[in-house]
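Enquirer: Can you keep this structure in mind? I'll have questions shortly.
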Amino acid sequence: MENKTSFYEFERIADRKRIDFIADFLKSALPANASILDVGCGNGVISRHLGRFGFNVTGIDVSEKAIEKANALNQFSNVKFMTKSAEQLVAEGSRYDAIICSEVLEHLNNPDALLEVLERSLTSKGKLIITVPNGKGPRESIITKPVLKLRNKNNRVWNLIVKSKKLLGYSGTTVQSDADNLDHIQFFSKKDIQQLSSKHNLKIIRFGKANFIEDVFPFSFFAKRIKFLQVLDCKIADWLPYYFTGGFFFVCEKNDHYKTEAIKYNENSLLSIK
Numbered sequence: 007m008e009n010k011t012s013f014y015e016f017e018r019i020a021d022r023k024r025i026d027f028i029a030d031f032l033k034s035a036l037p038a039n040a041s042i043l044d045v046g047c048g049n050g051v052i053s054r055h056l057g058r059f060g061f062n063v064t065g066i067d068v069s070e071k072a073i074e075k076a077n078a079l080n081q082f083s084n085v086k087f088m089t090k091s092a093e094q095l096v097a098e099g100s101r102y103d104a105i106i107c108s109e110v111l112e113h114l115n116n117p118d119a120l121l122e123v124l125e126r127s128l129t130s131k132g133k134l135i136i137t138v139p140n141g142k143g144p145r146e147s148i149i150t151k152p153v154l155k156l157r158n159k160n161n162r163v164w165n166l167i168v169k170s171k172k173l174l175g176y177s178g179t180t181v182q183s184d185a186d187n188l189d190h191i192q193f194f195s196k197k198d199i200q201q202l203s204s205k206h207n208l209k210i211i212r213f214g215k216a217n218f219i220e221d222v223f224p225f226s227f228f229a230k231r232i233k234f235l236q237v238l239d240c241k242i243a244d245w246l247p248y249y250f251t252g253g254f255f256f257v258c259e260k261n262d263h264y265k266t267e268a269i270k271y272n273e274n275s276l277l278s279i280k
């Protein structure tokens, strides 16, 4: 039997927790041959992981470099990668039993537009899984936002930070993506995702938390080298109120009640949407 640890291309425990949240839900909710779309798949780590369970996975990304690497690493006949946007797939009429949008929305100028496209790409009983950093969590508040401001204001200090990070072993890329620009543009709260989902006829049916402070320097320097600290950090996150955690996991489905009431309203203006 293959060791479970060898299933993962992710090294960080927080990333494994995220991919387990995604895979465990899909295995419990969908048949093994279900069709899954991985939007902004990057190097294809999540797509390949899901392919192990028999799902028919399509990974898309607008980066040709990312898709080239994803294809080079792919060994599954039920997993394919394409350089394509979600909008192009909708135009082709493609529909999926589940869509993964993991660590993508925070990089977009207009996440609202993508959610609209993804909702239209789901089958009637399809599920959308969203994961995002907590925009008010420890890492975003202590590291990401201040560093972005510093980079934009003082190139000399920024260059010193970049050199120091390289000396300490921080590459600036992730296993999931080698993209040249991984800047966070959006800083979502849990309420933001709830409102964004509701706006596009989606309701949240499951929620999960990522980590706490294992990716916040100087804690990250030690946690990177001691896996137990990462495991402990992720367990602590589960105990904490959600606003203290580093990231959020959501499972959404189409809000059939809203859709049914909207149809009634259109057919008879005397009926109101409740």
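Position 39 of the sequence shown, counting from 1, maps to 45 under the numbering used here, and the rest follow consecutively. A virtual CB, placed ideally from N, CA and C, is assigned to each residue, including glycine. From a predicted model like this one, the values you see are computed outputs, not experimental measurements.
Enumerate, from N- to C-terminal direction, the unbroken beta strand (DSSP E) stretches of 3 or more residues contained entirely within the segment 111 to 150.
Expert: Counting only runs of 3 or more, we get 128 to 139.
Enquirer: Is there at least one non-hydrogen atom of the ligand ADP closer than 7 angstroms to the beta-carbon of Asp30?
Expert: No copy of the ligand ADP appears in this structure; indeed no ligand is present at all.
Enquirer: When the Cα of Pro247 is compared with those of Phe59, Asn217, Thr64, which residue comes out closest?
Expert: Stepping through the sequence shown from its first residue, residue 247 is reached at position 241. Among Phe59, Asn217, Thr64, the Cα nearest to that of Pro247 is on Asn217.
Enquirer: Measuring only the C-alpha atoms, how far is Ile232 from Ala72?
Expert: Position 226 of the sequence shown, counted from the first residue, corresponds to residue 232. Position 66 of the sequence shown, counted from the first residue, corresponds to residue 72. Roughly 29 angstroms between the two C-alpha positions.
Enquirer: Below 8 angstroms, can you find three or more Cβ-Cβ pairs linking the segment 84 to 95 to the segment 41 to 52?
Expert: Output reads yes: the segment 41 to 52 touches the segment 84 to 95.
Enquirer: Give a yes or no on contact between the segment 141 to 155 and the segment 237 to 251, applying the rule of three or more CB pairs nearer than 8 angstroms.
Expert: The segment 141 to 155, when compared against the segment 237 to 251, does touch it at the 8 angstroms Cβ threshold.
Enquirer: Who are the Cβ neighbours of Val123 in its own chain at under 7 angstroms, not counting the five residues just before and after it?
Expert: Here residue 123 is taken as the residue at index 117 of the sequence shown, counted from 1. Correct list, in chain order: Ala92, Glu93, Val96.
Enquirer: Whose CA, out of Ile66, Thr137, Ser34, lies closest to the CA of Lys23?
Expert: For this step, residue 23 is matched to residue 17 along the sequence shown. The shortest C-alpha separation from Lys23 is found at Thr137.
Enquirer: Evaluate Leu43 with the Cβ neighbour count: other Cβ atoms within 10 Å of its Cβ, from every protein chain shown; 16 or more gives buried, anything less gives exposed.
Expert: Residue numbering aside, residue 43 sits at position 37 when the sequence shown is read from its first letter. Looking at its Cβ environment, which holds 16 or more other Cβ atoms inside 10 Å, Leu43 is buried.
Enquirer: Compute the Euclidean distance between the alpha carbons of Ser83 and Val63, then round it to the nearest angstrom.
Expert: By one-based count along the sequence shown, residue 83 stands at place 77. By one-based count along the sequence shown, residue 63 stands at place 57. Cα-Cα distance, rounded: 10 angstroms.
Enquirer: Less than 8 angstroms between C-beta atoms, sequence neighbours within five positions excluded: which residues of the same chain meet that for Ile191?
Expert: As a working mapping, residue 191 is identified with position 185 in the sequence shown. The residues are Glu112, His113, Leu114, Asn115.
Enquirer: Look up Ala104 in the DSSP assignment and say whether it is helix, strand or coil.
Expert: On the sequence shown, position 98 is the one that residue 104 refers to. Here Ala104 sits in strand by DSSP.
Enquirer: Are Cys107 and Ile66 closer than 8 angstroms when you measure CB to CB?
Expert: As a working mapping, residue 107 is identified with position 101 in the sequence shown. As a working mapping, residue 66 is identified with position 60 in the sequence shown. It is not a contact, given that the beta carbons lie outside the stated cut-off.
Enquirer: Between which two residues does the alpha helix (DSSP H) carrying Asp221 extend?
Expert: Sequence index remark: in the sequence shown, residue 221 carries index 215 (1-based). Segment: none, Asp221 is in no alpha helix (DSSP H) and carries neither H nor E.
Enquirer: Let me know if Ile211 comes out buried or exposed under the rule of 16 or more other beta-carbons within 10 Å of its beta-carbon.
Expert: Locating residue 211 in the sequence shown gives position 205, where the first residue counts as 1. Exposed, by the Cβ-count rule.
Enquirer: Determine the DSSP secondary structure at Val51, reduced to helix, strand or coil.
Expert: What you label residue 51 is simply residue 45 of the sequence shown in a count that begins at 1. Reduced to three states, the DSSP call for Val51 is helix.
Enquirer: Could you compute how far the alpha carbon of Ser147 sits from the alpha carbon of Phe254?
Expert: Locating residue 147 in the sequence shown gives position 141, where the first residue counts as 1. Locating residue 254 in the sequence shown gives position 248, where the first residue counts as 1. C-alpha separation (whole angstroms): 15 angstroms.
Enquirer: Once DSSP output is grouped into helix, strand and coil, what is the label at Lys75?
Expert: For the purposes of this step, residue 75 is taken as the residue at position 69 of the sequence shown. If DSSP states are grouped into helix, strand and coil, Lys75 belongs with the helices.
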